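Asks:
So this is what it looks like as structure tokens:
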């Protein structure tokens, strides 16, 4: 038994040693440095939330030396930033998409100082884009059943998406899937690799979504984000330029639409798509692109799928009356 445990211990240490050359220190904020992963010989990925300054970014290499880096682009939706250096990095070994399973060993690596640090656990949950799509379709079906007056046990399950999307597992705003682990995220680990027992990197760890859950962005999402940032320098997402919060619709509008909740517009950016469409503070948004909206999450998800420049329908309540119109979606 002792030999078996010693062998396992040595194997884990060897995995970390082999991965260490691709684990980098990232200095891009005033406080504690963070971690990055060598995507290629001249590209580094890290967490978007740790890149507070777009100037004077430096990368700490495994040998203790430092090199300058420039910001190529960000994907805030997935808390990812892409940096470029002159070259000479040792790329990490990347796993095949969706090759990690629940229960697999997971090691989180970080380099907030000169040396690599590590912590371990298991992959406790996987949420992929297809899973989110199925859950949202089921949730929409629940909404329709609720509107038909079907009674459900317990409290009203339409209070928010959090219940249905596994409270503590679903993180609002993270629409492209994630890996949930039980590893302890130490300060400075954000942007570092999630290593599997195969020695490959299966995701990028981040504390940017908080809520007390350890999260890693899966390699499939990273590939898509990096590809988009290299091609366009940004992630194109729909933009309206409004601040909203959930609110009850006037009785007359609710009866007309068979919808109880909408999104109250509490702010409208100057010269934004919403302002040009005539939307005003106090309007209650009920639908966008012929899709009913009752929660901020639904609006955010819709905007991730709408291309900038597209003209879509918009429904809203104003002064107790229902109105419809159109808005040309912007990009952000």
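Residue numbers (the working numbering): 1 to 332.
Ideal Cβ placement from N, Cα and C applies to all residues, glycine included.
Values in this document were obtained by computation on a predicted structure and should not be read as measured data.
Alpha carbon to alpha carbon, what distance is there between residue 316 and residue 249?
Replies: As a working note, residue 249 is residue 249 in the chain shown. As a working note, residue 316 is residue 316 in the chain shown. Taking the straight line from one Cα to the other gives about 10 Å.
Asks: Would residue 77 and residue 190 be called neighbours here (beta carbons separated by less than 8 Å)?
Replies: Residue numbering aside, residue 77 sits at position 77 when the chain shown is read from its first letter. Residue numbering aside, residue 190 sits at position 190 when the chain shown is read from its first letter. Cβ atoms of residue 77 and residue 190: not closer than 8 Å.
Asks: Give every residue of the same chain whose Cβ lies closer than 8 Å to the Cβ of residue 44, excluding the five residues on either side of it in the sequence, and list them in chain order.
Replies: Here the question's residue 44 lines up with position 44 in the chain shown. The answer, listed in chain order, is 24, 26, 36, 37, 38, 59, 69, 82, 83, 84, 85 and 89.
Asks: Please tell me whether residue 123 and residue 181 are closer than 8 Å, where the distance is taken between their beta carbons.
Replies: Start at 1 with the first residue of the chain shown, and residue 123 comes out as number 123. Start at 1 with the first residue of the chain shown, and residue 181 comes out as number 181. Yes, the Cβ-Cβ distance between residue 123 and residue 181 is below 8 Å.
Asks: Report yes if the C-beta distance between residue 301 and residue 202 is below 8 Å; otherwise report no.
Replies: Numbered from its first residue, the chain shown carries residue 301 at position 301. Numbered from its first residue, the chain shown carries residue 202 at position 202. Result no, Cβ atoms of residue 301 and residue 202 do not sit closer than 8 Å.
Asks: Here's a check: name, in chain order, each residue in its chain whose Cβ is nearer than 8 Å to the Cβ of residue 57, leaving out the five neighbours to either side.
Replies: Locating residue 57 in the chain shown gives position 57, where the first residue counts as 1. Cβ within range, chain order: 26, 27, 28, 51, 68, 69, 70, 71 and 83.
Asks: Let's test the definition: count the other Cβ atoms within 10 Å of the Cβ of residue 330 and tell me whether it reaches 16, buried, or not, exposed.
Replies: As a working note, residue 330 is residue 330 in the chain shown. Its Cβ being crowded by 16 or more others within 10 Å, residue 330 is buried.
Asks: Suppose you measure from the CA of residue 179 to the CA of residue 215; what does that come to, to the nearest Å?
Replies: Counted from its first residue, the chain shown places residue 179 at position 179. Counted from its first residue, the chain shown places residue 215 at position 215. Cα to Cα, the separation comes out at about 6 Å.
Asks: How many whole angstroms separate the CB atoms of residue 109 and residue 102, which I take to be in contact at a CB cut-off of 8 Å?
Replies: As a first step, residue 109 is located in the chain shown; it is residue number 109 there, counting from the start. As a first step, residue 102 is located in the chain shown; it is residue number 102 there, counting from the start. Not confirmed; about 21 Å, so no contact.
Asks: Following the continuous beta strand (DSSP E) through residue 180, name the residue where it begins and the one where it ends.
Replies: Numbered from its first residue, the chain shown carries residue 180 at position 180. It spans 178-181 - the beta strand (DSSP E) in which residue 180 sits, taken as one unbroken run.
Asks: Could you tell me the alpha carbon to alpha carbon distance between residue 6 and residue 187, rounded to whole angstroms?
Replies: Looking up residue 6 in the chain shown gives position 6. Looking up residue 187 in the chain shown gives position 187. The alpha-carbon atoms of residue 6 and residue 187 are separated by roughly 29 Å.
Asks: Looking at C-alpha atoms only, which residue of 221, 118, 255 and 294 is the closest neighbour of residue 9?
Replies: Working through the chain shown from its first residue, we reach residue 9 at position 9. Of 221, 118, 255 and 294, the residue nearest in Cα terms is 118.
Asks: Could you tell me the distance, in whole angstroms, from the CA atom of residue 235 to the CA atom of residue 2?
Replies: On the chain shown, position 235 is the one that residue 235 refers to. On the chain shown, position 2 is the one that residue 2 refers to. Rounded to the nearest angstrom, the gap between the Cα atoms of residue 235 and residue 2 is 51 Å.
Asks: Starting from the C-beta of residue 31, find all residues in its chain whose C-beta is less than 8 Å away, skip the five residues before and the five after it, and write them out in chain order.
Replies: The residue you call residue 31 lines up with position 31 of the chain shown. Contacts found: none.
Asks: Inspect the beta-carbon positions of residue 257 and residue 245 and report whether they are closer than 8 Å.
Replies: Here residue 257 refers to the residue found at position 257 when the chain shown is read from its first residue. Here residue 245 refers to the residue found at position 245 when the chain shown is read from its first residue. No, these two residues do not count as a Cβ contact at 8 Å.
Asks: Does the Cβ of residue 266 have 16 or more other Cβ atoms within 10 Å, making it buried, or fewer, making it exposed?
Replies: Here residue 266 corresponds to residue number 266 of the chain shown, with the count starting at 1. So residue 266 ends up on the exposed side.
Asks: Based on DSSP bridge pairs, tell me the residues matched to residue 326.
Replies: Numbered from its first residue, the chain shown carries residue 326 at position 326. Paired residues: 313.
Asks: Looking only at its chain, what residues have a beta carbon closer than 6 Å to the beta carbon of residue 322, apart from the 5 residues adjacent to it on each side?
Replies: As a first step, residue 322 must be located in the chain shown, where it is residue number 322. 253 and 256, listed in sequence order.
Asks: So what does DSSP say about residue 23, is it helix, strand or coil?
Replies: Start at 1 with the first residue of the chain shown, and residue 23 comes out as number 23. In the structure shown, residue 23 sits in a strand (DSSP, three-state: E or B).
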